[in-house]
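Protein chains in written order, with the working numbering: chain A, 216 to 574; chain B, 216 to 574. Glycine residues also receive a C-beta, built at the ideal position from the N, C-alpha and C atoms. These numbers were taken from a predicted model, which means no experiment stands behind them. Working notes, beginning with the structure itself.
Number of protein chains: 2
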Amino acid sequence: MTALTLNTDADVIELTRQICDIESVSGNEKALADAIEAALKTAGHLEVIRDGDAIVAKTNLGRAKRVIIAGHIDTVPLADNLPVTRMLQDGKDVLWGRGTVDMKAGVAVQLKLAVDLAEPNVDITWVFYDHEEVEASLNGLGRISRNRPELLHASFAVLCEPSNAQVEGGCNGTLRVDVRTRGVKAHSARPWMGENAIHKAGEILTKLHSFQPDTVNVDGLEYRESLNAVLISGGIATNVIADETVITVNYRFAPSKSPQDAFGFLQEFFDGFELELADSAAGARPGLDLPEAAAFVAATGSTAKPKYGWTDVARFSELGIPAVNFGPGDPNKAHADDEYVEVEQIVSSELALRNWLTA
Amino acid sequence: MTALTLNTDADVIELTRQICDIESVSGNEKALADAIEAALKTAGHLEVIRDGDAIVAKTNLGRAKRVIIAGHIDTVPLADNLPVTRMLQDGKDVLWGRGTVDMKAGVAVQLKLAVDLAEPNVDITWVFYDHEEVEASLNGLGRISRNRPELLHASFAVLCEPSNAQVEGGCNGTLRVDVRTRGVKAHSARPWMGENAIHKAGEILTKLHSFQPDTVNVDGLEYRESLNAVLISGGIATNVIADETVITVNYRFAPSKSPQDAFGFLQEFFDGFELELADSAAGARPGLDLPEAAAFVAATGSTAKPKYGWTDVARFSELGIPAVNFGPGDPNKAHADDEYVEVEQIVSSELALRNWLTA
Chain A
216 MTALTLNTDA DVIELTRQIC DIESVSGNEK ALADAIEAAL KTAGHLEVIR
266 DGDAIVAKTN LGRAKRVIIA GHIDTVPLAD NLPVTRMLQD GKDVLWGRGT
316 VDMKAGVAVQ LKLAVDLAEP NVDITWVFYD HEEVEASLNG LGRISRNRPE
366 LLHASFAVLC EPSNAQVEGG CNGTLRVDVR TRGVKAHSAR PWMGENAIHK
416 AGEILTKLHS FQPDTVNVDG LEYRESLNAV LISGGIATNV IADETVITVN
466 YRFAPSKSPQ DAFGFLQEFF DGFELELADS AAGARPGLDL PEAAAFVAAT
516 GSTAKPKYGW TDVARFSELG IPAVNFGPGD PNKAHADDEY VEVEQIVSSE
566 LALRNWLTA
Chain B
216 MTALTLNTDA DVIELTRQIC DIESVSGNEK ALADAIEAAL KTAGHLEVIR
266 DGDAIVAKTN LGRAKRVIIA GHIDTVPLAD NLPVTRMLQD GKDVLWGRGT
316 VDMKAGVAVQ LKLAVDLAEP NVDITWVFYD HEEVEASLNG LGRISRNRPE
366 LLHASFAVLC EPSNAQVEGG CNGTLRVDVR TRGVKAHSAR PWMGENAIHK
416 AGEILTKLHS FQPDTVNVDG LEYRESLNAV LISGGIATNV IADETVITVN
466 YRFAPSKSPQ DAFGFLQEFF DGFELELADS AAGARPGLDL PEAAAFVAAT
516 GSTAKPKYGW TDVARFSELG IPAVNFGPGD PNKAHADDEY VEVEQIVSSE
566 LALRNWLTA
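In structure tokens:
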């Protein structure tokens, strides 16, 4: 098989298109990781390290400060939305397709700058990582921090997650639980001999349907919470009364709460039902009062906003590294079937970062 | 691979055990069909015909009347309940395991008598068929009636479905629909940009949970109806708001109603939701006023009861052949994880049929 390649001489718009068209749904990042690794290795000023399907590329210029600029290379499953097309959308020039927003335009900005900037004003550790869209235990950045913690030393980090080319501070935490109803199996012709576990799920779904989540002010930014069933499954055959239904529920909670607080809330909310914690990740307070973050906001001319989705900003926050989200794309379009990014945001993100790194 | 074999010299209890231990979940009947075919071919008085995984074995003695005695050889999926064990259950001698009730004890009675009775008082068409536990379109008896209708000519039919070794008349009809809720996909960190299709299913499940089905008197027997969600599934990933949930609902309706009546009722019941008919099969009125059926009730010393589950009695009813259910096993134990049959019922069913066929 011929390896797929990326042309970093192309502009960042064309490079976004190329990166999107190498499909990399979580677990299938290898072809794209190979192409990114090969592109980075063409730049003599970079030390390139591979870990699984993550690639770390470092300048080693002996600068006073080092920053990390990171992004994930995986996407959620396709919705018949590849290859990417460039089109007008509400009068705007956009790239349409899976990954354009979350977050391959950001990855293109990173890759373009990593290869271009041989003499940045700080040392830079560029990180391209796998498995961000799936359970936290698989996250490539987490794996690097366990396997090669020395690669994540820095005084500041930027995550090129979609944030409309503005700084978004912190992020909500996220937690998944499986809520289970139990019944008793029987033939569906004589259901009165059993107990229908699917019918019991009605109470849970109705409760979720009518729930009004909070909005929480943290360090001056308003974090909007949410609580949603994301998966449901029950039943084994069309003529058998099901003895189990599992509802996977995703809770996004403000960064002022710990995962323990969040789980405690769910235990109360689902009182009377079986609850199992599947996965959790703490949020990150916005931290825009930290000097490194404040300086970045100023340099990019941004208005800071809260980040609703969980991002690996929280991981840097745990490692004690101030970090912000800054990247092209409207986060509301992440994971949508009609995912698309405004071309103008790709260009302006690249320019803002380039100016900050070369000023 | 060595073919699995059945020993028809063994008594009907041991033969039940052997038949159960050849696993034959719907779609996987071949090994058992092969063994039954081989056993039938040892009997010189039978003409043996194979159609897919169904086997028909006929006596051709020129008797004045011909009866069909039929049963299906498939089961619902296992629940870690094979091989069969013989044990005491509430002080009763039972065979415990998948298929013991539905309906391999009945199949053993058929097979034992088919091989033993070289000179019955009527001509007999023994039918062993596949795919009864799945959608009606796959049903082996239906396939025979389409491919080889001449094989199903008879003046009376007995289906050895579990009925506590008593005659059960007629059967409820059965109908499956898929009820669908729709939403709009979004990232689960920003669910307000989408619309949660799983949450909408709460209303349907709550309605089903509180519904009180009818009991309908048909020709003197009381048919208890039921309406149940049997499968539910929704969601594509743990961080995506689902845009679709599908609930499969099984309606068991009295034989006085047509499938059209039943579907009309569901359209009204699920008003406002998308409804798709997946499968339906008419019930059968008990027909115990017909002379053939009344004579069988008398010969076996039975008290007639209504049959709740759909059985192929309905198919014979459509072909104009009076038919009843008569076989070992408590139908309440069909499809249960602790499925078991009382040994005494296997023995008494065999004896009743043997007496009727040789009197």
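Please name the residue, chosen from the options, that lies closest to residue i on a Cα-to-Cα basis.
i         : options                                       : result
Thr421(B) : Gly449(B), Ala404(B) and Phe485(B)            : Phe485(B)
Glu383(B) : Phe511(B), Arg313(B), Leu310(B) and Leu303(B) : Phe511(B)
Glu437(A) : Gly450(A), Ala469(A), Glu410(A) and Ala258(A) : Ala469(A)
Asp236(B) : Thr460(B), Asp224(B) and Arg301(B)            : Arg301(B)
Ser563(A) : Pro543(A), Lys307(A), Ala549(A) and Leu219(A) : Pro543(A)
Ser471(A) : Ala351(A), Leu276(A), Ala225(A) and Ala496(A) : Ala496(A)
Val342(B) : Thr396(B), Val330(B) and Gly449(B)            : Val330(B)
Ile270(A) : Ala253(A), His260(A), Ala477(A) and Leu276(A) : Ala253(A)
Glu507(B) : Val337(B), Glu440(B) and Arg439(B)            : Val337(B)
Gln427(B) : Arg439(B), Glu418(B), Ala416(B) and Gly435(B) : Arg439(B)
Glu238(A) : Ala225(A), Gly259(A) and Leu297(A)            : Leu297(A)
Asn243(A) : Tyr555(A), Thr290(A), Arg397(A) and Asn275(A) : Thr290(A)
Leu310(B) : Arg569(B), Ala499(B), Ala333(B) and Tyr555(B) : Tyr555(B)
Thr231(A) : Gly277(A), Lys319(A), Gly306(A) and Asp249(A) : Lys319(A)
How far does the beta strand (DSSP E) with residue i in it reach, from first residue to last?
i         : result
Ala538(B) : Ala538 to Asn540
Asn443(B) : Ser441 to Gly449
Trp341(A) : Asp338 to Tyr344
Asp458(A) : Taken as a continuous stretch (DSSP letters only), Asp458(A) belongs to no beta strand (DSSP E), as it is neither H nor E.
Ser425(A) : First-last for Ser425(A): Ala412 to Ser425, but that is the alpha helix (DSSP H), not the beta strand (DSSP E).
Lys273(B) : Ala269 to Lys273
Arg281(B) : Arg281 to His287
Arg265(B) : Glu262 to Asp266
Ser495(B) : Glu489 to Ala496
Glu557(B) : Tyr555 to Glu557
So, under 8 angstroms CB-CB, residue i and residue j are touching, yes? Tell me the CB distance rounded to an integer number of Å.
i         : j         : result
Phe541(A) : Thr515(A) : 6 angstroms
Val576(A) : Gly385(A) : Past the edges of chain A, shown from 216 to 574, lies residue 576(A), and the structure says nothing about it.
Ser370(B) : Arg281(B) : 6 angstroms
Ile284(A) : Val227(A) : Not confirmed; about 14 angstroms, so no contact.
Leu442(B) : Leu423(B) : 6 angstroms
Gly409(B) : Lys415(B) : Not confirmed; about 12 angstroms, so no contact.
Taking only beta-carbon positions, decide if residue i is within less than 8 angstroms of chain B.
i         : result
Glu418(A) : yes
Lys520(A) : no
Ser495(A) : no
Thr463(A) : yes
Pro292(A) : yes
Arg530(A) : no
Glu376(A) : no
Leu356(A) : no
Ile451(A) : yes
Asn454(A) : yes
Helix, strand or coil: which one does DSSP assign to residue i?
i         : result
Gln304(A) : strand
Pro470(A) : coil
Gly384(B) : strand
Thr231(B) : helix
Thr257(B) : coil
Ile251(B) : helix
Leu572(A) : helix
Val316(A) : helix
Gly502(B) : coil
Gly435(B) : coil
Asp393(A) : strand
Lys400(B) : coil
Lys522(B) : coil
Leu566(B) : helix
Glu347(B) : coil
Val464(A) : strand
So residue i is in the alpha helix (DSSP H); what residue range does that whole segment cover?
i         : result
Lys548(B) : Lys548(B) -> no alpha helix (DSSP H), and no H or E assigned at all.
His368(B) : Here His368(B) belongs to no alpha helix (DSSP H), and DSSP marks it neither H nor E.
Asn362(B) : Gly355 to Asn362
Ser532(B) : Val528 to Glu533
Tell me, please, whether the CB atom of residue i is closer than 8 angstroms to any CB atom in chain A?
i         : result
Lys245(B) : no
Arg391(B) : yes
Ala499(B) : no
Met408(B) : yes
Tyr523(B) : yes
Val288(B) : Looking at the sequence provided, one finds Ile at residue 288(B) rather than Val. Judged by the 8 angstroms Cβ criterion, Ile288(B) is not in contact with chain A.
Ser239(B) : no
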